[in-house]
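Counting from 1 along the sequence shown, just add 417 to a position and that's the residue number in the working numbering.
What follows is a short report on a single structure.
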Amino acid sequence: MALVINEEECVSCSVCADECPNDAISRGEDSFVIDPNLCTECADIQNQHRCVEACPVDCIRTSLSQKKESGGLYQKFLRSLS
Ligand code: SF4
Ligand code: SF4
Numbered sequence: 418m419a420l421v422i423n424e425e426e427c428v429s430c431s432v433c434a435d436e437c438p439n440d441a442i443s444r445g446e447d448s449f450v451i452d453p454n455l456c457t458e459c460a461d462i463q464n465q466h467r468c469v470e471a472c473p474v475d476c477i478r479t480s481l482s483q484k485k486e487s488g489g490l491y492q493k494f495l496r497s498l499s
């Protein structure tokens, strides 16, 4: 998983989806959801996630397990450029 949206807190405002450069966020059944295969954790900017910054209710969380996959994230970022 990449970043995770807390479905109970999400108010489905779609602001995060508009901010994501990789179209990784879409409307799910009960809340908006992040596609871990598309999310690069905004690897092009340092220490910032556009969706997290934009969310008005602060319901997007980073996944600790994802921190171990930084090499994989960089590869995803490179793929997102092509
Ligand atoms: S961290 Fe960046 S790439 Fe990942 S879902 Fe949020 S805005 Fe999109
Ligand atoms: S910005 Fe936050 S509240 Fe709005 S859709 Fe995205 S996760 Fe849900």
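Note that beta-carbon positions come from the ideal geometry of N, C-alpha and C, so glycine has one too.
Annotation: residue 428 is outside any beta strand (DSSP E) and is labelled neither H nor E by DSSP. Counting only the Cα atoms, residue 468 lies some 13 Å from residue 460. The set of residues whose C-beta lies within less than 6 Å of a heavy atom of ligand 1 reads, in chain order, 419, 420, 436, 437, 439, 441, 442, 451, 456, 457, 458, 459, 466, 467, 468. CA-to-CA, the gap between residue 493 and residue 441 works out to about 12 Å. DSSP places residue 474 outside both helix and strand once states are collapsed to three, so it counts as coil.
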